[in-house]
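Chemist:
Numbering (the numbering used here), first residue to last: -13 to 81.
1. Is residue 68 buried or exposed, if buried means 16 or more other CB atoms sit within 10 Å of its CB?
2. In whole angstroms, what separates the C-alpha of residue 74 from that of residue 16?
3. When DSSP labels each residue in this structure, what does residue -5 get in the three-state scheme?
4. Pull up the CB-CB distance for residue 45 and residue -5, whole angstroms please, since I reckon it's below 8 angstroms.
5. What is the C-beta distance between residue 34 and residue 66, in whole angstroms, given that I count them as a contact (C-beta under 8 angstroms)?
6. Who are the Cβ neighbours of residue 32 in its own chain at under 6 angstroms, not counting the five residues just before and after it?
7. Please check if any C-beta of chain D sits within less than 8 angstroms of the C-beta of residue 62.
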């Protein structure tokens, strides 16, 4: 390891996954469906299976900067995909 980077901790992040989890948590309470952990994770899994991964390396604590910098079209498409996944999970809960 390069000595100049000793004080910095880096992490590998799938920004798409972080955005999906954030968006599902944001939308789910206003959607008339079960909000248990299983349904939450099922919605996330459905969305992530339809979404391309977006991996980045970042310093710990700078994840929010990456989330904010994400393409607006991606964010818009994400909302549509999340709503579709929530509809499916609502109609076919697995708990």
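Don't be surprised by glycine CBs; every beta carbon is placed ideally from N, CA and C.
Modeler: For this structure:
1. Label assigned to residue 68: buried.
2. One C-alpha to the other measures close to 16 angstroms.
3. Looking at residue -5 - three-state DSSP - the assignment turns out to be coil, as it is neither helix nor strand.
4. Residue 45 to residue -5, Cβ: 7 angstroms. Contact.
5. Wrong, their Cβ atoms sit about 15 angstroms apart, outside the cutoff.
6. When the five nearest sequence neighbours on each side are left out, the beta carbons in the same chain lying within less than 6 angstroms of the beta carbon of residue 32 are those of 71, in order along the chain.
7. Absent from the structure is chain D; it holds one protein chain and no more.
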